[in-house]
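Student: Below are the structure tokens for one structure; questions will follow.
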Amino acid sequence: MRLFRSRRSPSPSSNRVRATLGVVALAFGLGHALPAAAEVKVGVSDWPGWVAWYVAEQKGFFKKHGADVKLVWFANYTDSISALSAGQLDANSQTWSDTLGPLAKGLPLKAILVNDNSAGNDALLVSPKIKSFADLKGKSVALEQYSVSHFVLATALAKNGLKPADVKITNLAAGDAAAAFIAGRVDAAVVWNPWIDQITKSGKGRTLFTSKDMPGLIPDLLVAQDKAIAAKRKDLVGMIKAWFDTEKFIREQPAEAAKIMSKVVSLKPEEYTVFLPGTKFFDAAANKTALDAKAPGSLVGVAPTIASFLLTHKLIEGKPDPLKGVDASLLADALK
């Protein structure tokens, strides 16, 4: 089964796999009935921008803004995609890339908030002998094929005048790719934290390109069903307001935020802090740009680049219309 956004949790021992076309297709056939419960039921998986919702919960930000929210934890990210598509959730924490596939199939979903962008938590690491992209030509690169790592490499090569055929891809899971690189069996690897931090600190490799060099292309979102937006709009608007309090709290009190977030994923607070610098948490201003279809770095603006990768590797069927997948009106209400 082909993956686009494959991601393990910050703890290398636990799995976090992002959606596949097969899972989305399965979920699409399960119907769209929303749960009867009054609260907004929101799926959350193991990624800093989404684990941050527990900061909102524990600090009382949902209650402050009148949002009746029930966070539903998914150890397996793909299960949350299925649950949203099947109507078992009102909203879900998922990537833009994993939303384009359902949109291409006509699912009634809208991105209503950008939690974060990966801004350094994904990286192309190279051995000391590789000084530039020119030196990378003909070299072996370990990565998980069709994952976000593959997308990072494709973007890095395109930005630096190279083609995918200019390197030799070794298909390995992220942890195995990191191990192969450390052992010197490959010349480069595309991995994410904590492996980036571990490898750079070891002196065996350095970053040649990171997700910070591709702003807007790895966004993590809050995506809601159209029916939930209509029926539970007040709660979703309150949730967006709560997010801005959460972003401010993480920025101003990172140690306490890391303590809350690390507990959710069974890590020590000091272990979790490595993920915060590489996560660009989006405030109100960043969200206004991201949800503005006319802005170059917006969700709509970056969609063709992401969709091109998905279509090239046959990870989605049909061309999605990103304009149908964004609703900026809730953000506008939250900012009134």
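To get this note's numbering, take the position in the sequence shown, counting from 1, and add 155.
Where is the CB? At the ideal position from N, CA and C, for every residue including glycine.
#1: At a cut of 8 Å, does the segment 193-210 reach the segment 408-420 through at least three beta carbon pairs?
#2: With distance defined between alpha-carbon atoms, name the residue in LYS225, LEU255, GLY221 nearest to LYS479.
#3: Please identify the residue among LYS382, LEU391, LYS359, LEU446 whose C-alpha is closest to the C-alpha of ALA489.
#4: Is DSSP giving TRP251 helix, strand or coil here?
#5: Decide if SER237 is buried, meaning its Cβ has at least 16 other Cβ atoms within 10 Å, or exposed.
#6: Applying the criterion that 16 or more other CB atoms from any shown protein chain within 10 Å of the CB defines a buried residue, is SER357 buried or exposed?
#7: Which value, in whole angstroms, describes the spacing of the CA atoms of LYS119 and GLY275?
#8: Quick one, are the C-beta atoms of PHE437 and ASP271 less than 9 Å apart?
#9: Looking at the structure shown, is ILE384 part of a helix, part of a strand, or coil, going by DSSP?
#10: By the three-class DSSP mapping on this structure, what secondary structure does VAL341 have?
#11: Quick check: the Cα distance between VAL178 and ALA386, rounded to an integer number of angstroms?
#12: Return helix, strand or coil for LEU465, following the three-state DSSP convention.
#13: When we look at the beta-carbon of THR401 and count the other beta-carbons within 10 Å, is it buried (16 or more) or exposed?
#14: Just curious, the beta strand (DSSP E) that TRP228 is in, first and last residue?
#15: Where does the unbroken alpha helix (DSSP H) through ILE236 begin, and where does it stop?
#16: Note down, one range per segment and in chain order, each beta strand (DSSP E) of at least 3 residues found wholly within the segment 277-360.
#17: Could you give the distance in angstroms between the alpha-carbon of GLU426 and the alpha-carbon of VAL420?
#18: Tell me which same chain residues have a C-beta within less than 6 Å of the C-beta of ILE267, skipping the five on either side of it?
#19: Using only alpha-carbon positions, find the residue among ALA333, GLY360, ILE354, THR460 that is nearest to ALA313.
#20: Residues in its own chain within less than 6 Å of SER463 by CB, not counting five upstream and five downstream?
#21: Under a Cβ-count criterion, where at least 16 other Cβ atoms within 10 Å of its own Cβ denotes burial, should ALA440 be classed as buried or exposed?
#22: Who are the near neighbours of ASN247 in its chain, counting only those whose CB is closer than 6 Å to its CB and skipping five residues on each side?
#23: Quick check: what's the CA-CA separation for GLU472 versus ALA259?
#24: Start and end of the beta strand (DSSP E) containing ILE267?
#25: From the DSSP output, in three-state form, read off PHE183 for me.
#26: Start and end of the beta strand (DSSP E) containing LYS435?
#27: Measuring only the C-alpha atoms, how far is LEU317 from VAL303?
#28: Does DSSP classify LYS491 as helix, strand or coil?
#29: Pick out the complete beta strand (DSSP E) segments inside the segment 388-447, 3 residues or longer, and give them in chain order.
#30: Buried or exposed: ASN326, going by 16 or more other Cβ atoms within 10 Å of its Cβ?
#31: Using the C-alpha atoms, what's the distance from ALA458 back to LYS491?
#32: Using DSSP's beta-bridge definition, name the partner residues of PRO475.
#33: So for PRO459, helix, strand or coil by DSSP?
#34: With DSSP collapsed to three states, give me the class of GLY198.
#35: Applying the 10 Å Cβ sphere with the 16-neighbour rule, what's the burial state of ALA320?
#36: Measuring straight from C-alpha to C-alpha, what distance separates MET394 and HIS220?
Tutor: In terms of the structure at hand:
#1: Taking 8 Å as the limit for Cβ pairs, the verdict is that the segment 408-420 does touch the segment 193-210.
#2: LEU255
#3: Looking at the Cα atoms, LEU391 is the closest of the given residues.
#4: coil
#5: buried
#6: exposed
#7: The structure shown does not extend to residue 119, since the chain spans only 156 to 491, so no value can be given for it.
#8: Judged by beta-carbon spacing, ASP271 lies within the 9 Å limit of PHE437, meaning their Cβ atoms are closer than that value.
#9: helix
#10: coil
#11: Per-residue confidence for VAL178 stands at a pLDDT of 35, beneath the threshold of 50, marking its modelled position as unreliable; the derived number appears in the next sentence. Rounded to the nearest angstrom, the two C-alpha atoms are 27 Å apart.
#12: helix
#13: buried
#14: 224-228
#15: For ILE236, the uninterrupted alpha helix (DSSP H) segment begins and ends at 232-240.
#16: 277-281, 295-298, 323-326, 343-347
#17: Our two residues, GLU426 and VAL420, have alpha carbons roughly 11 Å apart in a direct line.
#18: LEU377, ALA379, ASP482, LEU485
#19: Ranked by how close their Cα comes to the Cα of ALA313, the residues ALA333, GLY360, ILE354, THR460 have THR460 in first place.
#20: Excluding the 5 residues flanking it on each side, SER463 has no same chain C-beta neighbour closer than 6 Å.
#21: exposed
#22: So the list reads GLY198, SER235, LEU239, VAL378, once near-sequence residues are dropped.
#23: About 7 Å.
#24: 264-273
#25: In this prediction, PHE183 has a pLDDT of 36, which is less than 50 and means its spatial position is unreliable; nothing more can be read from the coordinates.
#26: 434-436 is the span of the beta strand (DSSP E), which, as asked, contains LYS435.
#27: 18 Å
#28: coil
#29: Fully contained in the segment 388-447 are the following beta strand (DSSP E) runs of length 3 or more, in chain order: 434-436.
#30: exposed
#31: 28 Å
#32: According to DSSP, PRO475 bridges with nothing at all.
#33: helix
#34: strand
#35: exposed
#36: 7 Å
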